[in-house]
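Following: one structure in structure tokens, then a few remarks.
Number of protein chains: 2
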Amino acid sequence: MAEMTIRELADICGVAVSTVSRAMNDRSDVSPETRERVRAAARRYGYIPNASARRLKISTTQTISVIVQGELGQLVIEVLSHLEEAFAESGYDTTLQHVSEEHAHAGTVERLVREGKYGGVVFLGRYGSSDRDLSAQLIRRLAEIDVPMVFCTTPDYSGADSLHSSISVDDQSGAFELVSHLIEAGHRRIAFVGAGSERDREHAWALRLAGYRSALAAASIPFDERLVVPSAEEHHIYSIVNGYESTKRWLPDAPTDVTALMAVCDAAALGTARALSEAGKRVPEDCSLVGFDGMDLAKYYVPRITTLAQPLSEIAQSAARVLLATMRNPSRAIEQVWIRGRLLEGESVRRID
Amino acid sequence: MAEMTIRELADICGVAVSTVSRAMNDRSDVSPETRERVRAAARRYGYIPNASARRLKISTTQTISVIVQGELGQLVIEVLSHLEEAFAESGYDTTLQHVSEEHAHAGTVERLVREGKYGGVVFLGRYGSSDRDLSAQLIRRLAEIDVPMVFCTTPDYSGADSLHSSISVDDQSGAFELVSHLIEAGHRRIAFVGAGSERDREHAWALRLAGYRSALAAASIPFDERLVVPSAEEHHIYSIVNGYESTKRWLPDAPTDVTALMAVCDAAALGTARALSEAGKRVPEDCSLVGFDGMDLAKYYVPRITTLAQPLSEIAQSAARVLLATMRNPSRAIEQVWIRGRLLEGESVRRID
DNA sequence: CTGAAAGCGCTTACAG
DNA sequence: CTGAAAGCGCTTACAG
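Protein chains in written order, with full-length UniProt numbering: chain A, 1 to 353; chain B, 1 to 353.
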């Protein structure tokens, strides 16, 4: 089946190509009859307009690009589907572009953004290399591109320079809430599992660790470096394996008076739970445990893991709202939004008094 | 920063646009000096060729499209990243297109495939609507499009008509192996959790159920309809929630002599484990449990869940190989590949003699 | 090795 | 309401 062009369809219908174009694009300046006749023929002969040709002419398309860098986790996927829904309501198609960790430099991302003539762009997940200079460079270059964009991610690329709008969960207040919850249950020796490397200061783990520290401080509990468990898998911090390996490596020399652990995320919590079990420690009888994210994983684990639910649908809706507003009014002010999560009590925290 | 065109760059370099084009595309018919001079200027001024204009001229691009329909699960994502890697080795870019469940009709998919001028297309996950007629129609229409394609999915769209090449895990033999493993451990009353609806006969759950049945038959164990637990969440069969809800609903009236359960997948197994726990049954002391997929979820659960590891990297490599071969030789014969998974023994099966 | 020119398939003023 | 024409930014024979 050869690809049919607008020229051929025009000949078949006995009209000019411009008329076909108008009919196909639902413009008002065609007679209803012509419009229907053309559309019927298009259906009949399977005419599909060539998108490249269209994009070449049109200044911006009714498409929004969601660019995801690095690993595509469950959370990212869920936000994505909420975004698709929100944009569809406003008549926009959504396209997903995935940039692998190694191609995550300014050039690639810039090309993606410029190429598509998108109505707008959402950045989802973490961007740029872990190298902070490269990240900063990317952010600056993106700011020079004349396409509305919003970051739906940890604010490491937006918080500092405020060059872009951003929406994300409030990692820090969430961790604060979780740790305060443990403290209220009587815990004072609480470890944090899954810290990353020093140069990654604005990453989610770092914000959560900061929340952990401020909760301790608020309760006048001294911070103990030995209770910060480094990630064994530095490149897969938010994974089950990292929770397992990090905890397993740390346990033999861990201070024996620890009564609770906060894992950097729910997946890691699962790994931590396994490591504890292998060491003969039961959750929550011997050790309490909390996660972060509010994934089904945590909700259906035995025991149900206390966690902080990411407000994914609100994050997505908020991102969509900000982006659409920026598209309507490009000179609109930059906006930084942090959305608070919600504590989900499970069965993994034991009260000790 | 305005978008620079090939015309402007040509003027800057004092050459013709055709020369710039040749230099940018690394063609042999440019002098090395001109080539370098043009490329340096392109870098310097941030010239990015307009992809739409390029595609409009070029017959097929060095890009392969991976089209995913419905939910983007962990498995799909992993196969995707393996595919990206394999195609990159052969010099192809990979682009991901996601079609939501509701847009999964022939028209949308056909448009995606035709529009891109892709070198080839991989279909990942399940395609078409659950309506079998629509699916069949989609398959036929796709077969008429002149683009190399391969299905990396359950063979429901390929097995029957053999219009397309397909690669997938051998669900049936995998389930056979898992259930035989249970039988060897002394189990005879084994339930299957997570069956779908009748009209979905070639879906993964159905193939796994078929494997379950043949394992029973091979051991001369009579099939008992009451041990097939229907999915509570028909639209999210392969989910934790479905495992939980289905099991919970079934347990009160379940035959009391059941000693083992096979869940339709690892995620469902997790939900099943929770439902069992809430009913006061321990795994594996009171009831053995196996999953399917070989996800980290299962490997790090307490107890580690016995499962069948999907050979994701082999599936992806095989799919890439078949597609690339078809691209080189479009008249190449259709090929159906089923790859066997590997049994991963966990701690969730108890020997009963 | 280089340039001038045609043309890929559309959209959109412009004229009627 | 419709058509003829220009042009979006590229690539690629064709001629030199």
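Glycine included, each C-beta is placed from N, C-alpha and C at the ideal position. Small disclaimer: the values here were computed from a predicted structure and weren't measured.
Practice item. List the residues of chain B that L96/A touches, going by C-beta distances under 8 Å, in chain order. Key: L96, Q97, H98
Point to revise | DSSP bridge partner residues for P230/A (one or two, in chain order) | key: A195/A
Review point. Is the Cβ-Cβ distance between I67/B and F123/B less than 8 Å?
Key: Yes, these two residues count as a Cβ contact at 8 Å.
Practice item. Go to L93/A, then tell me how far its alpha helix (DSSP H) extends in each direction, as first and last residue. Key: The residue asked about is misnamed: residue 93/A is Asp in this sequence, not Leu. Unbroken run through D93/A is the beta strand (DSSP E), 93–99; no alpha helix (DSSP H).
**Study point:** chain A contact residues for V302/B, given Cβ-Cβ distances below 7 Å
**Key:** A273, R274, S277
Check your understanding: According to DSSP, what are the bridge partners of C152/A?
Key -> L124/A, I167/A
Review point. By DSSP, does D146/B sit in helix, in strand, or in coil?
Key: coil
Check your understanding: Can you name the start and end residues of the alpha helix (DSSP H) that S81/B belongs to?
Key -> 74–89
Review point. For R342/A, does the three-state DSSP call read helix, strand or coil?
Key: strand
Check your understanding: Whose C-beta lies closer than 6 Å to the C-beta of E345/A among residues of the same chain, with five residues either side of it excluded?
Key -> T306
Review point. Going by C-alpha distance, which of D171/A, V290/A, D296/A, V109/A is nearest R141/A?
Key: V109/A
Check your understanding: For G186/A, which residues of its own chain have a beta-carbon under 7 Å away from its beta-carbon, when the five flanking residues on both sides are left out?
Key -> R351, I352, D353
Review point. What does Q74/A reach in chain B if we use C-beta pairs closer than 8 Å?
Key: Correct list: Q74.
Exercise for review: Let me know if H235/B comes out buried or exposed under the rule of 16 or more other beta-carbons within 10 Å of its beta-carbon.
Suggested key: exposed
Review point. Where DSSP assigns a beta bridge to I64/A, which residues make up the other side?
Key: I64/A pairs with T94/A, G120/A.
Exercise for review: Show which residues of chain A have a CB atom less than 8 Å away from the CB atom of Y244/B.
Suggested key: Y300
Exercise for review: Could you say if the stretch 70–78 of chain B and the stretch 28–46 of chain B meet the contact criterion of at least three C-beta pairs nearer than 8 Å?
Suggested key: no
Exercise for review: Mind checking which residues open and close the beta strand (DSSP E) that includes T307/B?
Suggested key: Annotation for T307/B: the continuous beta strand (DSSP E) segment containing it runs 307–309.
Practice item. Taking only the alpha-carbon atoms, compute the straight-line gap between E85/B and Y45/A and give it to the nearest angstrom. Key: Going from the Cα of E85/B to the Cα of Y45/A covers about 38 Å.
Check your understanding: Hey, how far is the Cα of S288/A from the Cα of A143/A?
Key -> 45 Å
Review point. For A53/A, does the three-state DSSP call read helix, strand or coil?
Key: helix
Review point. Does any CB atom of chain A fall closer than 8 Å to the CB of L261/B?
Key: no
Exercise for review: With 8 Å as the threshold, decide whether the Cβ of L56/B is near any Cβ in chain A.
Suggested key: yes
**Study point:** Among T256/B, T94/B, V193/B, nearest to L270/B - alpha-carbon criterion
**Key:** For L270/B, the nearest C-alpha among the options comes from V193/B.
Check your understanding: What's the gap between the Cα of residue 358/B and the Cα of M295/B?
Key -> The structure shown does not extend to residue 358/B, since chain B is modelled only from 1 through 353, so no value can be given for it.
Review point. By how many angstroms is the C-alpha of E202/B removed from the C-alpha of H280/A?
Key: According to the sequence shown, residue 280/A is Gly rather than His. For G280/A and E202/B, the distance between alpha carbons rounds to 44 Å.
Practice item. State the DSSP-derived secondary structure class of V258/B, mapped to helix, strand or coil. Key: coil
**Study point:** Reduced DSSP secondary structure (H/G/I, E/B, other) of A41/B
**Key:** helix
Practice item. Note the first and the last residue of the continuous alpha helix (DSSP H) segment covering L324/A. Key: 312–328 is the span of the alpha helix (DSSP H), which, as asked, contains L324/A.
Check your understanding: A195/B: which of W250/B, L112/B, W338/B sits nearest, CA to CA?
Key -> W250/B
Check your understanding: Contact check, V258/A vs R189/A under 8 Å by CB: the rounded distance?
Key -> Right, the Cβ-Cβ distance comes to about 5 Å (below 8 Å), so this counts as a contact.
Review point. A254/A and N242/A: beta carbons closer than 8 Å?
Key: no
Check your understanding: Taking the DSSP output, what are the residues bridged to S288/B?
Key -> A260/B
Review point. DSSP beta-bridge partners for I190/B?
Key: A260/B
Practice item. Return helix, strand or coil for S348/A, following the three-state DSSP convention. Key: coil
Practice item. Please check the pair A175/B and G116/B, which I expect to be a contact at CB under 8 Å, by giving their CB distance rounded to whole angstroms. Key: In fact, because the Cβ distance is near 37 Å, the residues do not count as touching under 8 Å.
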